[in-house]
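Participant: One structure coming up, written as structure tokens, with questions to follow.
Number of protein chains: 2
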Amino acid sequence: MAGVAGRGGRRKEVKKETGLGLTNKKDENFGEWYSEVVVNGEMIEYYDISGCYILRPWAMTIWEIMQKFFDAEIKKMKIKNCYFPLFVSPTVLQKEKDHIEGFAPEVAWVTKSGESELEVPIAIRPTSETVMYPYYSKWIRGHRDLPLKLNQWCNVVRWEFSHPTPFIRSREFLWQEGHTAFATKEEADTEVLEILELYRRIYEEFLAIPVIKGKKSELEKFAGGYYTTSVEAFIPNTGRGIQGATSHCLGQNFAKMFEINFENEKGERAMVWQNSWAYSSRTIGVMIMVHGDDKGLVLPPRVASVQVIVVPVPYKDADMQGIFDACNATVNTLSEAGICAEADLRDNYSPGWKYSHWEMKGVPLRIEIGPKDFAKNQVRAVRRDSSAKADIPRAELVEKVKQMLEDIQQSLFDAAKQKRDACIQVAKTWEEFVEALSQKKMILAPWCDEEEVEKDVKARTKGEMGAAKTLCSPFEQPELPEGTKCFASGKPAKKWSYWGRSY
Amino acid sequence: MAGVAGRGGRRKEVKKETGLGLTNKKDENFGEWYSEVVVNGEMIEYYDISGCYILRPWAMTIWEIMQKFFDAEIKKMKIKNCYFPLFVSPTVLQKEKDHIEGFAPEVAWVTKSGESELEVPIAIRPTSETVMYPYYSKWIRGHRDLPLKLNQWCNVVRWEFSHPTPFIRSREFLWQEGHTAFATKEEADTEVLEILELYRRIYEEFLAIPVIKGKKSELEKFAGGYYTTSVEAFIPNTGRGIQGATSHCLGQNFAKMFEINFENEKGERAMVWQNSWAYSSRTIGVMIMVHGDDKGLVLPPRVASVQVIVVPVPYKDADMQGIFDACNATVNTLSEAGICAEADLRDNYSPGWKYSHWEMKGVPLRIEIGPKDFAKNQVRAVRRDSSAKADIPRAELVEKVKQMLEDIQQSLFDAAKQKRDACIQVAKTWEEFVEALSQKKMILAPWCDEEEVEKDVKARTKGEMGAAKTLCSPFEQPELPEGTKCFASGKPAKKWSYWGRSY
């Protein structure tokens with residue numbers, strides 16, 4: 001077992017426990033590896049209804065840490081939390097045609113209560129635009145009622161029939177959905193980007209995952225919206241892009257359908273400009289896919305509920321009470337400094353078993369305390385991400401551990417970025433595009449920005465692996481020399497876009 | 001309008017705005033008053049599906065404040081948050097017979113997704129015992145896996161057909177549900193009371209509502225449970241008790257049905273002891289019913305998102321900029337001291353309108369700043385609960401406001417307790433019982449504790465107002481002299497119980 005062998009043959013032999021490791025390797029069998037790691041890492045338990053999953057405390061804490069950050073940030077923006085019902089009546093749901101076309105096939109319907117048939121079937125929200133906006137129409141009368149900025153933390157249901165995947169594609173998931181209304185397009189535009197920046201921070205600063213900010217194509221934008229921005233991540237192992245979170249400007253489309261008008265300062269009737277934006281428990285799945293390895297989960301320190309696990313290393317004839325005390329003292333010292341530390345003092349598991357267990361769960365830093373460490377008044381720290389070891393004098397504990405946790409956070413991001421960047425391929429022609437796609441790349445290509453061309457690319461790349469589509473047109477555009485042609489249509493290119501297969 | 005007239009004829013006349021007051025009075029027309037105050041106070045918006053309500057930010061903040069307290073307390077108890085699916089398969093739902101009999105008539109069923117019929121209808125959780133316990137069976141193997149202590153914050157659905165009431169009885173509501181499993185009955189018993197004490201604190205310390213801790217009768221206990229404890233509040237206006245929150249010991253009943261066994265320290269198989277406990281958004285309804293008055297909501301300071309509203313009082317020729325600056329400075333000073341204060345500087349409403357508006361919303365303390373206050377370097381503070389006024393020198397602002405908020409919190413509790421206590425009536429005979437019930441009392445009566453007798457009391461008191469039943473048998477039992485007889489059966493009394501009509 002990892003770790004036990006690493007410190008010389010000084011210790012008594014420990015019983016070899018089995019059943020802790022993963023049977024699948026990330027690079028060989030990614031899908032199975034993922035299914036295994038979410039369960040063995042105690043993030044998920046599979047549930048007896050397909051596409052529904054149990055979020056165990058190890059996953060829930062990550063959700064709560066992100067929620068605490070995001071909720072505080074949107075409160076600074078004067079966005080207020082509310083709670084709208086889970087249920088939508090069919091007439092309201094169907095009010096916005098494009099919108100409902102996008103969601104209709106996935107809507108779950110309640111038709112019975114107890115033994116009685118309902119008079120009218122009732123839908124479960126797949127998202128809450130149509131749930132909320134009739135009331136925006138009621139609440140917004142004059143320009144002083146604007147902006148109206150609400151958010152809710154809730155569950156939504158999309159009864160998808162494609163392959164369900166824990167966190168990534170589930171029939172019920174947790175999310176926040178913000179719904180805002182403004183007097184002017186400028187205010188709406190500004191907020192779209194402010195929220196998108198918060199989503200970038202969740203991915204990059206908390207989950208240590210590099211994302212690309214950009215705009216969705218007409219084909220890929222939110223059903224019924226005006227334009228959609230997103231943060232896009234990439235999973236090198238599968239060569240698939242993944243939409244990390246979306247911030248939509250809905251324009252005045254819903255305002256028209258739901259009659260959300262106000263009297264402006266000149267006394268004229270005007271329609272509001274609306275946004276909606278959301279991130280979901282999918283974030284956790286992306287984190288697992290990007291950072292996990294063949295030993296299990298790898299949690300970035302900023303979202304780890306246990307950042308440091310302290311393990312006593314017993315030896316024959318050692319002063320075990322002294323070592324246990326040192327473990328507890330270490331936890332106390334770290335806890336007082338705001339570091340989330342726990343000791344694993346269980347007497348029925350060997351140190352080796354514990355090392356594997358906490359590696360599986362992805363704890364960023366392990367501290368081992370054996371008789372030699374105890375005698376020298378030091379601890380041994382082992383990084384989950386790199387397995388790098390360091391002996392830390394007790395006097396420098398807090399300072400060094402803090403530094404190591406920061407290093408791990410940064411290293412995870414850097415490594416993920418390096419891998420992601422290595423997957424980006426520029427393709428200027430159809431041949432280059434097809435070749436890059438076959439190599440599972442995230443393709444940056446000059447594009448004419450025509451919807452028919454994207455449909456055509458989808459049709460031409462259809463296959464077992466799924467068709468390629470646009471991921472986003474990045475806000476950071478490389479130079480597009482005059483005369484550059486679209487890789488797919490040969491027409492003049494209007495912008496660079498990322499293309500690839502996606503989740 | 002309140003407040004404007006109160007400071008002499010010195011100010012210029014303000015336009016009389018209308019439409020702010022309540023049309024129903026609490027003591028005359030309680031039901032209509034409640035429906036009106038939840039809407040006009042901006043807590044609730046009625047929704048187009050009966051029995052579902054929109055929780056507006058003004059209500060949601062109260063929920064969040066209680067959640068923050070309770071979540072931190074249960075985390076100290078090493079209870080961890082998780083999230084189980086909204087959906088339950090019928091076979092699992094029906095596994096515990098008594099339990100499902102209690103909930104079956106209210107279960108909502110999903111039978112369709114998109115245009116397709118589901119192969120098997122799927123239930124929406126009315127509570128999560130049957131959702132969770134199959135997995136407790138899987139996770140719990142040995143005594144080291146115990147205790148298992150999980151909680152979730154979620155929505156649940158009970159499709160009730162009796163009269164829906166915002167917060168109090170709604171088809172979807174928010175709650176937390178804790179589900180714990182222990183090796184011994186003693187541990188379970190202890191936790192039941194620890195949680196009940198947290199519920200008492202939510203009601204008494206946050207919502208300023210006196211509650212009685214006690215045990216439910218066999219007839220009123222949780223379906224499928226072993227025993228139920230609760231905190232019981234009382235609404236004097238309707239003469240109805242209301243179950244505030246429940247902490248159940250489930251005993252080993254669910255453990256038997258779901259085969260939740262473990263190997264104990266002696267190597268023998270044993271069944272776990274389980275608890276479940278919950279409080280819901282009903283808490284907010286009880287708060288409104290108890291404290292609200294004919295001017296609107298009355299929020300206890302500890303749950304008010306705005307504790308102090310600062311209103312400038314303009315006069316002709318006054319230095320308005322100076323007054324506005326003083327308002328902002330007041331807000332800043334209070335905010336820095338951790339008091340939630342806001343200024344209402346809108347120029348299109350008169351002070352009188354603003355007073356009524358914030359009274360309707362129940363803000364505990366209003367601060368008015370007019371030219372005279374400005375000149376004297378003071379502010380005028382007006383209490384929402386008692387309308388008592390005080391002039392506060394700016395130098396003493398924080399200290400005095402803190403004191404006033406504490407006084408308001410205590411006064412609300414004291415007033416509610418006095419009113420509640422005045423409704424408690426001891427009844428030793430059937431005649432006394434019937435008389436007290438007709439006077440809408442909460443009746444404390446000696447009881448033989450027989451289920452058939454409670455059924456009989458229910459049957460004999462059936463009527464337009466609803467039957468009387470036990471509310472709880474209080475933990476604090478008055479002395480029960482030898483030979484005391486049951487008020488209803490004439491058999492020897494075993495305990496004192498509270499009886500009454502209830503929500």
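Chains as they are written, first to last, in the UniProt record's numbering: chain A, 1 to 503; chain B, 1 to 503. For each residue, glycine too, the CB sits at the ideal point set by N, CA and C.
Do TRP496(B) and ILE443(B) have their C-beta atoms closer together than 7 Å?
Facilitator: Cβ distance not < 7 Å, so TRP496(B) and ILE443(B) don't count as in contact.
Participant: ASP414(A) by DSSP, collapsed to three states: which one?
Facilitator: Of the three classes helix, strand and coil, the one that applies to ASP414(A) here is helix, per DSSP.
Participant: List, in order along the chain, the chain A residues whose C-beta lies closer than 8 Å to that of ASN81(B)?
Facilitator: Here the neighbours are PRO57, MET60, THR61, GLU64.
Participant: At the level of alpha carbons, what is the spacing between ASP294(B) and THR238(B)?
Facilitator: Spanning the two alpha carbons is a distance of roughly 16 Å.
Participant: Going by Cα to Cα distance, which pick from ILE62(B), GLU263(B), GLY370(B) is closest to ASP145(B)?
Facilitator: The candidate whose alpha carbon is nearest that of ASP145(B) is GLU263(B).
Participant: Please list, in chain order, all residues of the same chain as GLY251(A) whose beta carbon is under 6 Å from its beta carbon, the five residues on each side excluded.
Facilitator: So the list reads TYR226, once near-sequence residues are dropped.
Participant: Is it buried or exposed for ARG501(B), if we count other Cβ within 10 angstroms and need 16 for buried?
Facilitator: Per the 10 Å Cβ criterion, buried.
Participant: Helix, strand or coil, according to DSSP, for GLN439(A) in the structure here?
Facilitator: Note: GLN439(A) maps to coil in three-state DSSP.
Participant: Going by DSSP, what residues sit across from PHE69(A) in a beta bridge?
Facilitator: In DSSP, PHE69(A) forms no bridge with anything.
Participant: According to DSSP, is GLY352(B) part of a helix, a strand, or is it coil?
Facilitator: Helix.
Participant: Going by CA-CA distance only, name the one from ASN155(B), MET320(B), SER411(B) that's closest to ILE369(B).
Facilitator: The candidate whose alpha carbon is nearest that of ILE369(B) is MET320(B).
Participant: Taking C-beta pairs closer than 8 Å, name the residues in chain B that GLU172(A) reaches, listed in chain order.
Facilitator: Correct list: PRO85, LEU86, PHE87.
Participant: Could you tell me how far apart the beta carbons of PRO364(A) and LEU297(A) are, in whole angstroms, since I believe they sit closer than 8 Å?
Facilitator: Actually they are not in contact, since the Cβ atoms of PRO364(A) and LEU297(A) sit about 10 Å apart, beyond 8 Å.
Participant: Residues in the region 93–113 of chain B with C-beta within 9 Å of chain A's C-beta atoms, listed in sequence order?
Facilitator: Listed by position along the chain: ALA104, PRO105, GLU106, VAL107, ALA108, TRP109, VAL110, THR111, LYS112, SER113.
Participant: Determine the direct distance from the alpha carbon of PHE413(B) to that of GLU204(B), and round the result to whole angstroms.
Facilitator: Cα to Cα, the separation comes out at about 7 Å.
Participant: Out of THR61(B), ASP449(B), SER280(B), GLY267(B), point me to the one whose CA is closest to LEU150(A)'s CA.
Facilitator: Taking only the C-alpha atoms, the option nearest LEU150(A) is THR61(B).
Participant: Which residue comes first and which comes last in the alpha helix (DSSP H) that contains GLN176(B)?
Facilitator: That residue, GLN176(B), is in no alpha helix (DSSP H); its beta strand (DSSP E) goes 172–182.
Participant: In this structure, what does DSSP give as the bridge partners for TRP63(B)?
Facilitator: In the DSSP output, where bridge partners are listed per residue, TRP63(B) has none listed.
Participant: Nearest to VAL303(A) by alpha carbon, out of PHE206(A), THR461(A), PRO90(A)?
Facilitator: For the residues PHE206(A), THR461(A), PRO90(A), the minimum Cα distance to VAL303(A) belongs to PHE206(A).
Participant: For the beta strand (DSSP E) that ASN29(A) lies in, which residues bound it at each end?
Facilitator: ASN29(A) -> no beta strand (DSSP E), and no H or E assigned at all.
Participant: Throw me the rounded Cβ distance for the VAL192(A) and SER247(A) pair, which I believe falls under 8 Å.
Facilitator: The pair is a contact, with the Cβ atoms about 5 Å apart (cut-off 8 Å).
Participant: Mapping the DSSP letters down to three states, classify GLU197(B) as helix, strand or coil.
Facilitator: In the structure shown, GLU197(B) sits in a helix (DSSP, three-state: H, G or I).
Participant: With ASN377(A) as the anchor, note down where its beta strand (DSSP E) starts and where it stops.
Facilitator: Unbroken run through ASN377(A): none, as it is neither H nor E.
Participant: Comparing alpha-carbon positions, which option in ALA108(A), ILE122(A), CYS249(A), VAL272(A) lies nearest TYR136(A)?
Facilitator: Here the closest residue by C-alpha is VAL272(A).
Participant: What residues from the region 35–55 of chain B come within 8 Å of chain A, judged by C-beta to C-beta, listed N to C?
Facilitator: So the close ones are GLU45, TYR47, ASP48, ILE49, CYS52, TYR53, ILE54, LEU55.
Participant: Does the Cβ of ALA468(A) have 16 or more other Cβ atoms within 10 Å, making it buried, or fewer, making it exposed?
Facilitator: ALA468(A) is buried by the Cβ-count criterion.
Participant: If you draw a straight line from the alpha carbon of ALA72(A) to that of GLU431(B), how long is it in whole angstroms?
Facilitator: Approximately 58 Å between the Cα atoms of the pair.
Participant: Can you check the region 277–348 of chain B for any alpha helix (DSSP H) of at least 4 residues that lies completely inside it and give the ranges in chain order?
Facilitator: 282–291, 320–336, all fully within the region 277–348 of chain B.
Participant: If we cut at 7 Å on Cβ distances, does ASN275(B) have a partner in chain A?
Facilitator: By this cut-off, ASN275(B) is not an interface position.
Participant: Output needed in chain order: residues of the region 345–368 of chain B with a Cβ under 8 Å from some Cβ in chain A.
Facilitator: Answer set for the region 345–368 of chain B: ARG346, ASN348.
Participant: Since I believe ILE309(A) is in contact with GLU342(A) (beta carbons under 8 Å), could you give me their beta-carbon distance rounded to a whole number of angstroms?
Facilitator: With a Cβ gap of about 6 Å, GLU342(A) and ILE309(A) count as contacting.
Participant: How is TRP139(B) classed by DSSP in three states: helix, strand or coil?
Facilitator: Here TRP139(B) sits in helix by DSSP.
Participant: Can you name the start and end residues of the alpha helix (DSSP H) that GLU101(B) belongs to?
Facilitator: Element bounds for GLU101(B): 97–103.
Participant: When the Cα atoms are used, what is the spatial distance from TYR83(B) to ASP189(A)?
Facilitator: Approximately 34 Å between the Cα atoms of the pair.
Participant: Measuring alpha carbon to alpha carbon, tell me which of GLY244(A), MET360(A), THR229(A) ends up nearest GLY292(A).
Facilitator: Here the closest residue by C-alpha is MET360(A).
Participant: What three-state label does DSSP hand VAL120(B) in the structure shown?
Facilitator: In this structure, VAL120(B) counts as strand in the three-state DSSP scheme.
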